[in-house]
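No gaps in the numbering here: position 68 of the sequence shown is 185 in this note's numbering, and each next residue is one more.
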Amino acid sequence: MPKIIKFGFIILGLFPITACDSIQKISKSAEIIDTQQITINELKSEVNTLKEEIDDVKQKQGKLELANFIKDFEKIAFLNPGDDGYSPIKFDLGTLTIQLSDVKAYANGSKVNLKFGNPLSSSINGLKTTVQWGQVDEKGIAINETAKSKEFTFTTTLRPGAWTTIPVVLEGVPPEKLGFVRVRDVTHTGIELGR
Numbered sequence: 118m119p120k121i122i123k124f125g126f127i128i129l130g131l132f133p134i135t136a137c138d139s140i141q142k143i144s145k146s147a148e149i150i151d152t153q154q155i156t157i158n159e160l161k162s163e164v165n166t167l168k169e170e171i172d173d174v175k176q177k178q179g180k181l182e183l184a185n186f187i188k189d190f191e192k193i194a195f196l197n198p199g200d201d202g203y204s205p206i207k208f209d210l211g212t213l214t215i216q217l218s219d220v221k222a223y224a225n226g227s228k229v230n231l232k233f234g235n236p237l238s239s240s241i242n243g244l245k246t247t248v249q250w251g252q253v254d255e256k257g258i259a260i261n262e263t264a265k266s267k268e269f270t271f272t273t274t275l276r277p278g279a280w281t282t283i284p285v286v287l288e289g290v291p292p293e294k295l296g297f298v299r300v301r302d303v304t305h306t307g308i309e310l311g312r
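Right, dumping it as structure tokens:
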């Protein structure tokens, strides 16, 4: 038999072995791909579950922030020069009322009267509060970036069931530029009850 024919038989004899080996490799690759696809689908499901949980947490956080904002909002009195009436402000004993009046030029700023209404049946001593003041824009919104702030401790006792006027100097903003006064963080050092 010529050498070429022998060589051809050898090649043809190896072909089934090589083909079987390739088929086995393809079969194993298909199994690996199927396993990886299952893993990918499981991961996608977990990611979707995590997204839903994150959305739920964000929604709960938003509700909590709104509740805290409303709670904090009740602890702030926002006053505008020239407005009539008063603004209520909550603190640890209940609610006070605050009114802004008698805005006048004073040194390099303004001098105003803060009238505190005490609807409680006890006198309040050592009232302490943070007062912020400044200008407003053309829409009447406070320009917080340039606002001034100062903590005040008042020695005047707030009588029960009455208004108590306390003069306050607001430096750096003259009356013609004073657009708002904000009172917040009201605390006290003590109370007195009638005998």
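Note that the Cβ used here is the ideal one computed from N, Cα and C, for glycine as well.
**Asked** In the DSSP assignment, what are the bridge partners of PHE269?
**Response** On the sequence shown, position 152 is the one that residue 269 refers to. DSSP, once it has assigned bridges, lists THR246 as partnering PHE269.
- Query: Which whole runs of the beta strand (DSSP E) in the stretch 211-244 are 3 residues long or more, in chain order?
  - Reply: 211-223, 226-235, 239-242
_Where the beta strand (DSSP E) containing PRO292 begins and where it ends_ = Residue mapping note: residue 292 aligns to position 175 of the sequence shown, counting from 1. Careful: PRO292 lies outside any beta strand (DSSP E) and carries neither H nor E.
**Asked** Which one of ILE308, GLY311, ARG301 has the shortest CA to CA distance from ILE193?
**Response** The sequence position of residue 193 within the sequence shown is 76, counting from 1. Cα-wise, what sits closest to ILE193 is ARG301.
Check: According to the Cβ coordinates, are LEU231 and ILE171 closer than 8 Å?
Finding: Numbered from 1 along the sequence shown, position 114 holds the residue referred to as residue 231. Numbered from 1 along the sequence shown, position 54 holds the residue referred to as residue 171. No; because the gap between Cβ atoms is not below 8 Å, this pair is not in contact.
**Asked** What distance in whole Å lies between the Cβ atoms of VAL303 and LEU244, which are believed to be in contact at a cut-off of 8 Å?
**Response** Taking the sequence shown and counting its residues from 1, one reaches residue 244 at position 127. Taking the sequence shown and counting its residues from 1, one reaches residue 303 at position 186. Confirmed, about 7 Å.
Sequence-distant residues of the same chain with beta carbon closer than 7 Å to GLY307, five excluded per side: Sequence index remark: in the sequence shown, residue 307 carries index 190 (1-based). The answer, listed in chain order, is ASN242, GLY243.
*Integer-rounded CB distance, given that SER266 should sit under 8 Å from GLN249*: Position 132 of the sequence shown, counting from 1, holds the residue named residue 249. Position 149 of the sequence shown, counting from 1, holds the residue named residue 266. At roughly 5 Å, the Cβ-Cβ gap stays under 8 Å, so GLN249 and SER266 are in contact.
Which stretch, first to last residue, makes up the beta strand (DSSP E) that contains LEU281?
-> Working through the sequence shown from its first residue, we reach residue 281 at position 164. Note on residue identity: the sequence assigns Thr, not Leu, to residue 281. 279-287 is the extent of the beta strand (DSSP E) around THR281.
### Message
Within the continuous beta strand (DSSP E) that includes PRO205, where are the two ends?
### Response
Against the sequence shown, residue 205 aligns to sequence position 88. Start and end: 204-208.
Could you please give the first and the last residue of the uninterrupted beta strand (DSSP E) stretch that includes VAL303?
Position 186 of the sequence shown holds residue 303. Element bounds for VAL303: 297-304.
On the three-state DSSP scale, how would you describe GLY179? Indexing the sequence shown from 1 puts residue 179 at position 62. Three-state DSSP puts GLY179 in a helix.
Item to check | Buried versus exposed, by CB contacts within 10 Å (16 or more), VAL286 | outcome: If you number the sequence shown from 1, residue 286 lands on position 169. Looking at its Cβ environment, which holds fewer than 16 other Cβ atoms inside 10 Å, VAL286 is exposed.
- Item | Residue of THR274, ILE143, GLY199 minimising C-alpha distance to GLU309 | Mapped onto the sequence shown, residue 309 falls at position 192. Comparing Cα positions, the closest option is THR274.
CB of PHE297 within 8 Å of CB of PHE195, strictly: Here residue 297 is taken as the residue at index 180 of the sequence shown, counted from 1. Here residue 195 is taken as the residue at index 78 of the sequence shown, counted from 1. Contact flag set, yes.
Exercise for review: Grab the span of the beta strand (DSSP E) containing GLU309 for me, first residue to last.
Suggested key: Taking the sequence shown and counting its residues from 1, the one referred to as residue 309 is at position 192. Unbroken beta strand (DSSP E) run through GLU309: 307-310.
By the 10 Å Cβ neighbour count, where 16 or more other Cβ atoms means buried, how is ALA259 classified, buried or exposed? Translated into positions along the sequence shown, residue 259 becomes position 142. Buried, since its Cβ has 16 or more Cβ neighbours within 10 Å.
(Q) Just to confirm the assignment, what range does the beta strand (DSSP E) spanning ILE193 have? (A) Locating residue 193 in the sequence shown gives position 76, where the first residue counts as 1. Counting along the chain, the beta strand (DSSP E) containing ILE193 begins and ends at 193-196.
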